[in-house]
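Taken in order, these protein sequences are the chains called A and B. Going by my numbering, the first sequence opens with residue 1, and the numbers climb by one from there. Going by my numbering, the second sequence opens with residue 1001, and the numbers climb by one from there. Just so you know, even glycine gets a beta-carbon here, dropped at the ideal spot from N, CA and C. The structure under discussion appears below in the form of structure tokens.
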Amino acid sequence: MTQVNRHFAFGMEIRSDLVLPELSIRQEEGSIDACVEIKRSDHTQWPELEASPHGTPTVDLAPHEWRLKLEGIGWFRASQGKTVEWERWDDSVSDRDIRTFLVTSALGALAMQRGSLVLHGTAIARDGKAVVLLGRPATGKSTLAWCFHQQGWRVLSSELVVIGADGCVLPGLQQLKLWHDAAVALQLDWAQLPVVRRGLKRYALLPPELAVHQEPAQLQCIYLLNRDQAAPGSDDSSQQPLSCSGPLSQQRALLLVRNHAFHARNYRGMETESQLFLQASALVRSHPVHFLRVPDGVSPMADALADVDLLNPAALQEGVTA
Amino acid sequence: MSNSQDQGYWYLASYPKSGNTWCRVFITELMRLASAEPNDGLNLNRDIETGAIASSRLWLDDQLGINSCDLSFAELDALRGRAGDSAWLFAEGERFHKVHDGFRSPDSRGQPVVSTQGCRGVVYILRHPEDVAVSLSHFFSWSLQHCVDFLLDPKAALVPGEFRGGHQVRQHMGRWDQHVTSWVDQQQLPVLPIRYEDMLANGLETFSLLAEFLNLPSDPQLVEQAIENTTIDRLKKLEDEVDGFAEKPTGCDRFFRSGRTGEGAERLTIEQRKKLSEGLSDAMARFSYEGVSID
């Protein structure tokens, strides 16, 4: 008989046949509105799909249906906002390989099917208040989050962030992934850290080393990381403190937030793009969005954080133009 | 589905520092001039949106539906050939994708490392390897000897480190001649090889060919005007106007530098030139590139 593991993330109770250390096992009070299932299944038994033209050769999309085929790793399916199914490509694929994509791409798609606003970013919290760090891949969201973690912040969710209609950020994926160079620069004992996947020079920081926030936290503001802001024609950015722009116009903020939806293609392919637009509109009407200029390089980034109060963007507004 | 997707897409492929960006700027300017209401003028950091580079992590994440940082470069190379068939989600721009990868990589399992499905063709831009060496040296702040060795390295790749993330994934190129023949001799896509030297010396003829191949407006007056607006002196001025081209790496003084031919012959030692001639002789001869006498 398959063991069922209970986890909690993104406002869902998740019953999984795989242990998912990236997700909390502690139920947050009053925030669970659904029970979903993660289970192994035979992808050849999945029903035929009339695929959306917005799918890609690896992702098939239809209303309430998301499928991912990763050659050499496995098949994944999220459907009806209720179930995630998975199957290994072959026996050489480890649970860790499966989990890597299960708790990110698959759970993100499931949350979208449930009507959630899912952004690609990292959320951290302090004093029960949250900020969301958005940015393109490899802009340093996780590294910056770890640096703030060292200043007493706690991680709410990384890679994908779910924000409720009440403006609360929900606890989600509670791990930070750091590249080897960042781990070395941050003086972490990388040899003792688990790798994200075998063969990768990328490490997973998990509780208890990672302090996490396990309750929904009210969103204060959104920062869009911008490591290039200071580059052209300016002084050495490594000497610059962390600083942010004034609040962006709602129109610009909406466009940027929309473009930072978690795998935004899924919204279009599952025909929920209007949902994304409405939720992002409501979000930027009630929460300021700022560019956050981050010094280039891990050590300068860490050094720039002294006395920085992310909850007070007005105090950070110096010299970054929106 | 967007028009751009209906119309397919194109690759602008080259070994780095061979004129790819010049082509992209020319295409942008040609389309700007051909539009019903051309805007004020070219802004390098705003307007050069001809399409994502095929190695863009953002692009690959969108196409593959995952965080590509969670895959090794070897795993990615095997998957990348499937990315690119679908239009960039929120892009209304054109689809001329820059590529520096070789057509295949040792990890792509014999398949192209870029998608060929829906691709209408590839413009392959090549430049004398001696001049490429000098340009690489300025761009990456490498010694000339390192650049010569790089051009001859069968494992040469951009972004080869596995210890840090980046906006682009690894791009395997191999030796310069392997790169050239991988694209020019592949049979899956129509290919138009053009030489940087011909773009300089026979601009109207060469850029007209390019425009026709890409189904762009090719009226001679329009092409001539676009060439005039994208000369190296003009590009240097445009780079100054935007206070540094966004595609310039840290440590590189300026992206658009000299643009002229023959710098390799002036700057490389005889030994370095001989090494290139020995290692790359067949491809150099095929494309009428003179080196130094080997014997």
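{"Check": "Selected residue, minimal CA-CA separation from glutamine 1272 of chain B, among B:Val1132, B:Ser1208 and B:Leu1238", "Outcome": "B:Val1132"}
{"Check": "Of the residues A:Leu186, A:Ile163 and A:Glu22, the one placed nearest glutamine 220 of chain A, counting alpha carbons only", "Outcome": "A:Ile163"}
{"Check": "Which residues DSSP lists as bridging proline 1193 of chain B, in chain order", "Outcome": "B:Tyr1124"}
{"Check": "Residue range of the unbroken alpha helix (DSSP H) whose run includes glutamate 1263 of chain B", "Outcome": "1263-1267"}
{"Check": "Closer than 8 Å at the beta carbon, the chain A residues around glutamate 1241 of chain B", "Outcome": "None at all; the shortest Cβ gap to chain A is about 11 Å."}
{"Check": "Contact list for arginine 329 of chain A against chain B, beta-carbon separation under 7 Å", "Outcome": "Coverage of chain A is limited to positions 1 through 322, which leaves residue 329 of chain A absent and any answer about it impossible."}
{"Check": "8 Å Cβ cutoff, serine 105 of chain A in contact with chain B", "Outcome": "yes"}
{"Check": "Through-space distance from serine 286 of chain A to proline 295 of chain A, alpha-carbon basis", "Outcome": "28 Å"}
{"Check": "6 Å CB neighbourhood of threonine 104 of chain A in its chain, flanking five on each side removed", "Outcome": "Glu159"}
{"Check": "Contacts around glycine 72 of chain A, its chain only, beta-carbon distance under 6 Å, and the 5 residues preceding and following it disregarded", "Outcome": "Trp89"}
{"Check": "Same chain only: Cβ atoms within 8 Å of glycine 1165 of chain B, ignoring 5 sequence neighbours per side", "Outcome": "Arg1057 and Cys1069"}
{"Check": "Cβ separation of arginine 289 of chain A and leucine 248 of chain A, assumed to be a contact under 8 Å, to the nearest whole Å", "Outcome": "It is valine, not arginine, that sits at residue 289 of chain A in the sequence shown. Valine 289 of chain A to leucine 248 of chain A, Cβ: 5 Å. Contact."}
{"Check": "Cβ of serine 238 of chain A within 8 Å of any chain B Cβ", "Outcome": "Confidence in serine 238 of chain A is poor, its pLDDT being 49 and thus under 50, which makes the residue's placement unreliable; the coordinate value appears in the next sentence. So, not an interface residue."}
{"Check": "Valine 161 of chain A, enclosing beta strand (DSSP E) - first and last residue", "Outcome": "160-163"}
{"Check": "Neighbour-count burial assignment, glutamine 251 of chain A, 16 or more Cβ in a 10 Å radius", "Outcome": "exposed"}
{"Check": "For histidine 1179 of chain B, the three-state DSSP class (helix, strand or coil)", "Outcome": "helix"}
{"Check": "Segment contact, 8 Å Cβ cut-off, at least three pairs: the stretch 1268-1288 of chain B with the stretch 1176-1191 of chain B", "Outcome": "yes"}
{"Check": "Per-residue burial, arginine 293 of chain A [other beta carbons within 10 Å of its own, 16 or more giving buried]", "Outcome": "buried"}
{"Check": "Alanine 275 of chain A, enclosing alpha helix (DSSP H) - first and last residue", "Outcome": "The amino acid occupying residue 275 of chain A in the given sequence is glutamine; alanine does not appear at that position. Run containing glutamine 275 of chain A: 273-286, per the alpha helix (DSSP H) assignment."}
{"Check": "Where the stretch 1160-1182 of chain B meets chain A: residues whose CB sits under 7 Å from a CB there", "Outcome": "Glu1162, Phe1163, Arg1164, Gly1165, Gly1166 and His1167"}
{"Check": "Exposure of cysteine 147 of chain A, with buried meaning 16 or more beta-carbon neighbours within 10 Å", "Outcome": "buried"}
{"Check": "Leucine 334 of chain A and alanine 302 of chain A closer than 8 Å at C-beta", "Outcome": "In the structure as shown, chain A starts at 1 and stops at 322, and residue 334 of chain A therefore has no counterpart that could be examined."}
{"Check": "Arginine 67 of chain A beta carbon less than 8 Å from that of cysteine 35 of chain A", "Outcome": "no"}
{"Check": "6 Å Cβ shell around serine 1137 of chain B - same chain, five flanking residues per side excluded", "Outcome": "Leu1144 and Cys1147"}
{"Check": "Reference leucine 1076 of chain B, options A:Val155, A:Gly246 and A:Leu200, closest by Cα", "Outcome": "A:Leu200"}
{"Check": "Any beta strand (DSSP E) of 3 or more consecutive residues that is wholly inside the stretch 75-142 of chain A", "Outcome": "83-88, 117-126 and 129-134"}
{"Check": "The stretch 1118-1130 of chain B / the stretch 94-104 of chain A touching (three or more Cβ pairs under 8 Å)", "Outcome": "no"}
{"Check": "Beta strand (DSSP E) segment containing tryptophan 1142 of chain B, residue limits", "Outcome": "Taken as a continuous stretch (DSSP letters only), tryptophan 1142 of chain B belongs to no beta strand (DSSP E), as it is neither H nor E."}
{"Check": "Sequence ranges, beta strand (DSSP E) only - wholly within the stretch 15-41 of chain A, length at least 3", "Outcome": "34-40"}
{"Check": "DSSP-derived helix/strand/coil call for arginine 1164 of chain B", "Outcome": "coil"}
{"Check": "Other residues of its chain near alanine 123 of chain A: CB distance less than 6 Å, five sequence neighbours each side excluded", "Outcome": "Ala130, Val132, Leu156, Ser157, Val161 and Val169"}
{"Check": "From B:Leu1060, B:Glu1212 and B:Ser1108, residue whose alpha carbon lies closest to that of arginine 972 of chain B", "Outcome": "No answer is possible for residue 972 of chain B: the residues shown for chain B start at 1001 and end at 1295."}
{"Check": "Identified DSSP bridge partners for methionine 12 of chain A", "Outcome": "A:Ala9 and A:Ala34"}
{"Check": "4-residue-minimum alpha helix (DSSP H) runs that sit fully inside the stretch 155-212 of chain A, ordered along the chain", "Outcome": "180-185"}
{"Check": "Terminal residues of the beta strand (DSSP E) in which lysine 1098 of chain B lies", "Outcome": "1096-1099"}
{"Check": "Under the three-state DSSP convention, the category glutamine 1171 of chain B falls into", "Outcome": "strand"}
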